Structure formats: structure tokens, C-alpha cells
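Accompanying notes for the structure given below.
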Amino acid sequence: FAASGVADHPYSRWYPPNVETDPDPTNGVSTAGYASLAVIANLSRALDRVQRVYGSRTRFPLWDTEFGFITSPPKRSPDPGTHGKVLYVSPSVAAAYDNWAEYISWRNPRLRSFAQYPLYDPVRAARSNDWGGFASGLLTFAGIPKAVYAAWRLPLFLPVTSARRGRSVEVWGCVRPAQYAAVGAGPSAGAAALPAAEIQFAPGTSGAFTTIQTVTLGDLTNCYFDVRVKFPGSGTVRLSYDDPPLDPTLTAGSGQIDSRPVQISLN
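Counting in my numbering, the sequence shown runs from 11 upward without gaps.
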């Protein structure tokens, strides 16, 4: 086939992004043919088999062109129309799941993109639209940021959040807005325009955040980083980024933005 890739909407519905149940609890149908993120290999294998039938060894890349988690609120959970079979996640859980999903996608060499849909929840929640319709937006219908807004802007994921004291843990993330600031600065800015963010840590449950490590992106086409960090103890980790004054796309004084917080336990 004269194609450069295949698009998929690998929604995980209300499950963690590494989970797909079989059969589908909402309708009893086998999920062997599903292509949600947890089982997107089903799609890869099917495409490869079709190609082999035609004598081709082309392995099409996959493009995620829609993704997100419908949240409650605004939805009612359990969904009253499904006899308790659909359990929408809270905005804070959606934020964690979204970062986890992007990490899974980043690790999959066949997946070339990670998309968010939509920006705003589509309708004001009412009984007539099943309490908000497809409410997987980063902002509510009224424009108020959900927890997933910060998670999308500065993704942060730690695959392991409980470890022995003194051991390093993997910290993965994306400095998504920094790319645009660097590009807007132009080539004359040189190394000063390379995007950078701070991995910060706050001890316990109420300590002040301090910078543990600064990450600098060397490739303006790639927002991602993956590092190992030693933290001094249990507490909260976040990613912090300062909008530089040379970013022409933002208003003055945009200031510091932070990721969602991630709790770690070191024993």
C-alpha cells in the first residue's frame, strides 16, 4: 500500500493505560481486536500480517491522533446509563494516567506521536448530554484548567516511586512549551535558547521545593528527557520551568509553571 503510516485513537477509556480487560465489561465483546494503548500491538501485528500477504515487509509506523481520559466531574461516575459498568476517573487520576500513557507511547518504537483531544470539554454538563459528553478536555467547558492541564503541559512520570534510600530512580518527562520559546528566539540565541527545566524535590508532606537536577534539551524537535536521579528521602517530585522573556509567543510575566506532583517513598 502507498501509505506512510496508520493513525489510531488508542483511548484507554477509564482504565490505567497499561490495562485492557477481556472481554469488554460494557458489552461482553472480546477485546482481542481492540487497539487501545495497552494492546496496540494487536494493530501492529495485524498490519504486519496484511503486508506479508502482499509480499511486503514494510512495518507501518503508528500515529496516535486522539487520546485523553474522560473525567468525573463533569461526568457522573459510575455512569448511570451503564448500570455501574463505566467508572470515569477523577481529574487527578486522569493527569497521572495521561503522563503514564505518554511514557508508554514514548517507549514504543512504532508509535510516532502522542495526541490530546480535545482542549476544552465540549458542552456544559447537563442531563440532556449525559453530563458533559466526551469530557476528556484539558480545560472544563468554562475554561477552568483541570489537573490534566498541568500534566499535559509538563509531563512527568516516575516508573518506580518506591525504592531503597540511596538508589537512583528513573525520572522521565517532557519540557513541552520550551521548544517554542527556543524556536522563537531564533538561531542567534545559540546555546542560551536551549530548553531547560528543573527537577525539584520537597521532603515529607509540606517541605519547600529545591532543585535536585537541571535537565537541558539538546534537540529542539524533541521535548523528552529520561534521567536517573538520587533523591534524599521520601517526599514530592515535580518538574518546573520558567517561561523565558525571549519567548515571543507568551505575554510578559508568564513566570514559572510546574508539573503535577509525584509522591516518592524511599526506605
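Note that CB positions come from ideal geometry on N, CA and C, so glycine has one too. Computed from a predicted structure; not experimentally measured.
- For residue 182, the secondary structure class from DSSP, reduced to helix, strand or coil, is strand.
- Residue burial annotation: residue 18 is buried, with at least 16 other C-beta atoms found within 10 angstroms of its C-beta.
- Sorting 183, 35, 54 by C-alpha distance to the C-alpha of residue 236 places 183 at the top.
- In this structure residue 266 is exposed. Its beta-carbon is surrounded by fewer than 16 other beta-carbon atoms within 10 angstroms.
- Rounded to whole angstroms, the separation of the alpha carbons of residue 217 and residue 207 is 20 Å.
- Using a 10 angstroms sphere on the CB of residue 98, the tally of other CB atoms reaches 16 or more, which defines it as buried.
- Residue environment analysis places residue 160 among the buried positions, since at least 16 neighbouring C-beta atoms fall within 10 angstroms of its C-beta.
- Membership of residue 112 in the alpha helix (DSSP H) is indicated by the continuous run 101-117.
- Taking the Cα of residue 251 as reference, the smallest distance to any Cα among 212, 232, 186 is reached at 186.
- A residue is called buried once 16 or more other Cβ atoms fall within 10 Å of its Cβ, and residue 273, having fewer, is exposed.
- Ranked by Cα distance from residue 268, the first of 54, 229, 158, 66 is 158.
- In this structure, residue 77 lies away from residue 51, with their beta-carbon atoms at least 8 Å apart.
- Close CB contacts of residue 238 within its chain, under the 8 Å cut and outside five residues either way in sequence, are with 178, 179, 180, 181 (chain order).
- Here residue 162 carries a helix assignment [DSSP, helix/strand/coil].
- DSSP places residue 54 outside any beta strand (DSSP E); the residue lies instead in the alpha helix (DSSP H), whose first and last residues are 51-63.
- Taking the C-beta atoms as reference points, residue 62 is found no nearer than 8 Å to residue 141.
- Residue 205 places its beta carbon less than 8 Å from that of residue 188.
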